[in-house]
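**Q** The following block contains the structure, expressed as structure tokens.
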Amino acid sequence: NIIQRGGTFLETARCEEMKTADGVKKAIQNLRHENIEALITIGGDGTFRGAMALAEVGDIQVIGIPGTIDNDVYGTDYAIGFDTAINTALDAIDKIRDTAGSLQRPFFIEVMGKKRGFIALEVGIAGGAESILIPETETKVEELCLNMKHNFKRGKKSSIVIVAEGDDAGGVFSIAQQVWERLKLDYRICVLGHIQRGGSPTARDRILASKLGAAAVDALTNGRSGYMVGELKGEITFTPLSDTWQKRKELDNNLLQLMKVLAT
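Counted from 1, the sequence shown has number 159 at position 157 by my numbering; the numbering is strictly sequential.
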């Protein structure tokens with residue numbers, strides 16, 4: 003009775019020992035002691051680096067499954083948890099927009115994404131944000147201010163600005179302050195934080211997890227090891243674990259163009 007549970011109910015932790023040869027050796031010994039012959043690892047690049055080390059050094063079969071709300075893993079369109087995260091964030095943004103309209107002021111909303119803007123891009127478009135600021139594109143505060151002034155002249159009484167936490171302009175607090183210095187508009191800041199990591203999984207995440215889990219077991223049964231199972235354009239795929247962190251997953255260019263169109 004676990005399919006409806008949110009968060010990481012299997013529990014998770016970083017292990018610095020896995021970055022050392024002795025740590026990997028110890029992990030293999032522990033697996034053998036428990037008579038574990040195959041391992042399915044769920045996570046992102048850090049998880050897969052450890053999984054690859056096990057696959058290379060020991061006789062343990064290893065298959066990876068992408069599970070990260072950042073959705074930045076190469077070799078799959080979506081990682082488990084991403085859809086739940088953006089829907090959780092969207093629900094909060096919809097409620098904030100109600101308040102923003104009543105108070106008639108801009109709201110700067112920070113979402114997760116220290117290095118990548120997948121969450122900000124998709125939740126910003128889905129939430130009808132007037133501006134979306136992500137690490138992959140340069141943030142020009144002057145352009146942001148011009149856009150906000152343009153929207154107010156068109157009769158918009160409020161503005162929603164989505165900011166990925168890793169944006170290059172200094173983060174949500176710095177950006178909001180810079181806008182205030184130029185426009186003298188009273189504003190509010192909302193940091194959604196770890197609310198994005200919880201909540202009952204969406205139907206899309208449950209289906210994706212079921213498909214990838216079944217494919218991972220099938221892969222192990224057929225003798226595969228050292229791969230991540232993913233889904234690209236609706237098809238199950240297998241990507242070498244090393245590619246998942248050595249190759250960069252790009253943002254959807256169509257969504258990037260749409261982001262620019264909606265901001266004008």
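Even glycine gets a Cβ: it sits at the ideal position worked out from N, Cα and C.
Using the beta-carbon count (16 or more within 10 Å), is Gln198 buried or exposed?
**A** In the sequence shown, counting from the first residue as 1, residue 198 sits at position 196. Counting Cβ neighbours within 10 Å, Gln198 comes out buried, since at least 16 surround it.
**Q** Per DSSP, what are the beta-bridge partners of Arg190 in this structure?
**A** By one-based count along the sequence shown, residue 190 stands at place 188. In the DSSP output, where bridge partners are listed per residue, Arg190 has Phe109.
**Q** Tell me which residue opens and which closes the beta strand (DSSP E) that Val143 is part of.
**A** If you number the sequence shown from 1, residue 143 lands on position 141. No beta strand (DSSP E) holds Val143; the alpha helix (DSSP H) holding it covers 143-155.
**Q** Please tell me whether Met20 and Gly52 are closer than 8 Å, where the distance is taken between their beta carbons.
**A** Taking the sequence shown and counting its residues from 1, one reaches residue 20 at position 18. Taking the sequence shown and counting its residues from 1, one reaches residue 52 at position 50. It is a contact, given that the beta carbons lie within the stated cut-off.
**Q** Distance, Cα to Cα, Val174 vs Val165?
**A** Position 172 of the sequence shown, counted from the first residue, corresponds to residue 174. Position 163 of the sequence shown, counted from the first residue, corresponds to residue 165. The straight-line gap from Cα to Cα measures roughly 6 Å.
**Q** Could you tell me whether the Cβ of Lys117 comes closer than 8 Å to any Cβ of chain B?
**A** The chain labelled as chain B is not found in the depicted structure, where only one protein chain is given.
**Q** Does the beta-carbon of Ala15 have 16 or more other beta-carbons within 10 angstroms, so that it is buried, or is it exposed?
**A** The residue you call residue 15 lines up with position 13 of the sequence shown. Classification of Ala15: exposed, given that the 10 Å Cβ count is below 16.
**Q** Taking contact to mean 3 or more Cβ pairs, one atom from each stretch, closer than 8 Å, check whether the stretch 54-64 and the stretch 82-100 are in contact.
**A** With a cut-off of 8 Å, the stretch 82-100 and the stretch 54-64 do not count as touching, because too few Cβ pairs lie within range.
**Q** Which of helix, strand or coil does DSSP assign to Gly9?
**A** Start at 1 with the first residue of the sequence shown, and residue 9 comes out as number 7. Looking at Gly9 - three-state DSSP - the assignment turns out to be coil, as it is neither helix nor strand.
**Q** Less than 8 Å between the C-beta atoms of Glu124 and Val193, yes or no?
**A** Locating residue 124 in the sequence shown gives position 122, counting from the first residue. Locating residue 193 in the sequence shown gives position 191, counting from the first residue. Result no, Cβ atoms of Glu124 and Val193 do not sit closer than 8 Å.
**Q** Considering only the beta carbon of each residue, do Ile71 and Ala128 sit closer than 8 Å?
**A** Within the sequence shown, numbered from 1, the residue matching residue 71 stands at position 69. Within the sequence shown, numbered from 1, the residue matching residue 128 stands at position 126. In this structure, Ala128 does not lie closer than 8 Å to Ile71 by Cβ.
**Q** Would you grab the beta carbon distance between Asp79 and Leu234 for me? Rounded to a whole angstrom, and I think it's under 8 Å.
**A** Position 77 of the sequence shown, counting from 1, holds the residue named residue 79. Position 232 of the sequence shown, counting from 1, holds the residue named residue 234. Sure, about 6 Å apart at Cβ, within 8 Å.
**Q** What are the boundary residues of the beta strand (DSSP E) that Gly45 is part of?
**A** Indexing the sequence shown from 1 puts residue 45 at position 43. Residues 40-45.
**Q** So, helix, strand or coil for Val75, using DSSP?
**A** Counted from its first residue, the sequence shown places residue 75 at position 73. Of the three classes helix, strand and coil, the one that applies to Val75 here is coil, per DSSP.
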